[in-house]
Each structure stands twice: as C-alpha cells, then as structure tokens.
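>
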Amino acid sequence: MRRALLAFALTLGLAAVATAQEYKVLFLVGDARSPEPGVVSQFTSVGGYNFTFESVVIEGGSFDGDLRGADILWFPWNGPGHDGNYFMSGAEQAVLDFVQNGGVVWISAFDDNFTDDQGRQVGGWLPIDEHPVIVENTGDSDVELTDAGMNDPLFTTPNTVDMNAMVLDDNFAGLDDSWVILATRVDNGSPAVAYLPYGAGVYLEACVDTRDANRANAAAPLHENALLWLANWIASNATAVDPAGKLTTTWGAVKAEVR
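For the sequence shown, this note's numbering gives the first residue as 81, with consecutive numbering after it.
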C-alpha cells in the first residue's frame, strides 16, 4: 500500500510539472494594423513549453483589467496607447499585481505621444512611480549588445538574433539601475532591449516596430526567443505546486536560469 501511495504521489507530481509547462499568452492589441499577434501565435511549442494565445482588442477604449487566466501579457506594437490615446486606464493595478505575483510582460515599441490619466508617459501599469521611464520619439537605428546582453539567451536561444535586421521605433529612456539593459541604440545610446524584475515577475521591453508584415516577420526570431525567455522566468521563480491541496512538488529539476 505504501508503494502504491508513493507511485500515485509521483504520478500527481509529474502531471503537475507537465501542466505547469503550458502557458497562456494574452495579447493586448492597441493597434490592429500590426500583424505581430498572428506572427507570435505560430510559436505554439518552444523549448519544451507549450503556448496558447488569446487576443483582446483594447484600441479605442480602455482595457477592463480581466487578464483571462494569462501567464504572459504581451503588448504588441502600439499596445498600451498611441496617437494621443491611452487604453489602460483603470487596469493599471491589475497588471502591477499580476507581475508582482509572478506574471511576465512583453512590450514592443509604442508612441511617445500619449499620457495616462495623471499626465504620465507609459502609464501606471508599469511601476513608473518607483522606476521612472520616459519614451523618446525616435525611429530606426543599429543596435549594440551590452555585456549583459552578450551573455543573455534572449539573443541566442532558440534563434541567433540579429537586432540590426529589425526596424526600431520609439524607445524607453531614463531608466534606473533596477532595469537590466541588454542592448542599446547606436543613434542615441538609449536602451533598445531591457528588462525590469518586479516582485516575482518581470517586464521585458524592446523598441521593435512591427506595424506591417515585413517588420513583424523580421522580429519573429526575437519574439520566439522572448516566449522561451519569459517561460523560463516563470519556471525559475515557481517554488512549488500543490495539486489537490495535498502533494507539494518542488521545481528544482525544471528550473532554468535566464539571468
């Protein structure tokens, strides 16, 4: 009987690991012109993880804050706002809580020309009161990897990524030391790719333009790598699962270091 119970417990543990390796991506679409969600959605299996996808169009209105069970929030190009309009009003705290509790966020480039209800660029869905960010009005540029970027799998796994094959757009600037800068723009020295750990989660941003098919496809290798990078972040910060409220399974065997 004792052996049977142990085998049953191990079966539950293995099932929990398998379930935890499937992640849901929620696209918050602020500009329907971008084909980025469709391009990213082709990557249903990357590096041992499976991904499902859902899109919510927030353009022209405000996001209701319903994260729909997502593990990864994905802002495609012009996601949270553009052309003077902001789409995240009222949903800011939901996103902050999501990230603090271990959720992860991808951010493609978006405009410098909108503000939230308090007159701030970016909006409070990113912890800009604690970690200020501004957006600069820029265009395409060549990119150089930093020392941190040279050692980061975002640019190597599963694809070797050439940032200079992509088109860049408005970039983040004024970042504090909590941000890890992986790549900088040659034209102004501002970050081209950076991430901010926040609580158990992370925000990962790249000022990549995907407004049309050519640009979205050029960014596809980076986006596939980003899915794996973000999934690894979730796995590396998950401490335990408790199936049926009884069995605790640690993640030591499946953790992957991404920093």
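Just so it is clear, CB atoms sit at the ideal spot from N, CA and C, and this is done for glycine as well. Keep in mind that this is a model prediction, so the values were computed, not measured.
Can you tell me whether DSSP reads N217 as helix, strand or coil?
coil
> How many whole angstroms separate the CB atoms of L106 and L176, which I take to be in contact at a CB cut-off of 8 Å?
Wrong, their Cβ atoms sit about 16 Å apart, outside the cutoff.
> Return the bridge partner residues of S125 from the DSSP annotation.
N130
> Just to check my reading of the structure: V109 and S135 have Cβ atoms closer than 8 Å, yes? What is that Cβ distance to the nearest angstrom?
Correct: roughly 5 Å between the Cβ atoms.
> Could you spell out where the beta strand (DSSP E) holding L108 opens and where it closes?
102-109
> What did DSSP end up calling V120 once you bin it into helix, strand or coil?
V120 falls in the helix class under three-state DSSP.
> Taking DSSP's pairing of strands, which residues face N165 in a bridge?
H162
> At what residues does the alpha helix (DSSP H) containing R295 begin and finish?
293-317
> Measuring alpha carbon to alpha carbon, tell me which of M246, V260, D250, P212 ends up nearest A228.
V260
> Can you check which of these residues, N231, A263, P156, V126, is closest to N244 by C-alpha distance?
A263
> Only counting the same chain, and skipping five residues up and downstream in sequence, which positions put a Cβ closer than 6 Å to that of D232?
A distance below 6 Å between beta-carbons, with the five flanking residues on each side excluded, links D232 to the following residues of its chain, in chain order: L262.
> Take W205 and list the residues in its own chain whose beta-carbon comes closer than 6 Å to its own, dropping the five residues that flank it on each side.
So the list reads M168, E172, V175, once near-sequence residues are dropped.
> By how many angstroms is the C-alpha of S258 removed from the C-alpha of V185?
16 Å
> Can you tell me whether M230 is helix, strand or coil according to DSSP?
helix
> According to DSSP, is A174 helix, strand or coil?
helix
> Run through the DSSP bridge pairs and tell me what V260 is partnered with.
Y275
> Who does V247 pair with in a DSSP beta bridge?
Beta-bridge pairing links V247 to no other residue.
> Is it true that the stretch 139-146 meets the stretch 116-130, where meeting means three or more beta-carbon pairs spaced less than 8 Å apart?
no
> Against chain B, does P301 count as a neighbour if the rule is that its beta carbon must be under 9 Å from one of theirs?
No chain B appears in the structure shown, which is made up of a single protein chain.
> Assuming contact is defined by CB atoms lying nearer than 9 Å, are L276 and L310 in contact in what I supplied?
When the beta-carbon positions are compared, L276 and L310 stay at least 9 Å from each other.
> Have a look at N294, R113, V223 and flag the residue whose alpha-carbon is nearest the alpha-carbon of H162.
R113
> Give the DSSP-derived three-state secondary structure of F155 in the structure shown.
strand
> Whole angstroms is fine: what's the gap from N317's alpha carbon to F178's?
When rounded, the distance between both Cα atoms is 14 Å.
> Where does the unbroken beta strand (DSSP E) through V282 begin, and where does it stop?
It spans 281-286 - the beta strand (DSSP E) in which V282 sits, taken as one unbroken run.
> Identify the continuous beta strand (DSSP E) that holds I208 and give its terminal residues.
From DSSP, I208 is part of no beta strand (DSSP E); its letter is neither H nor E.
> Run through DSSP, which three-state label would V223 get?
strand
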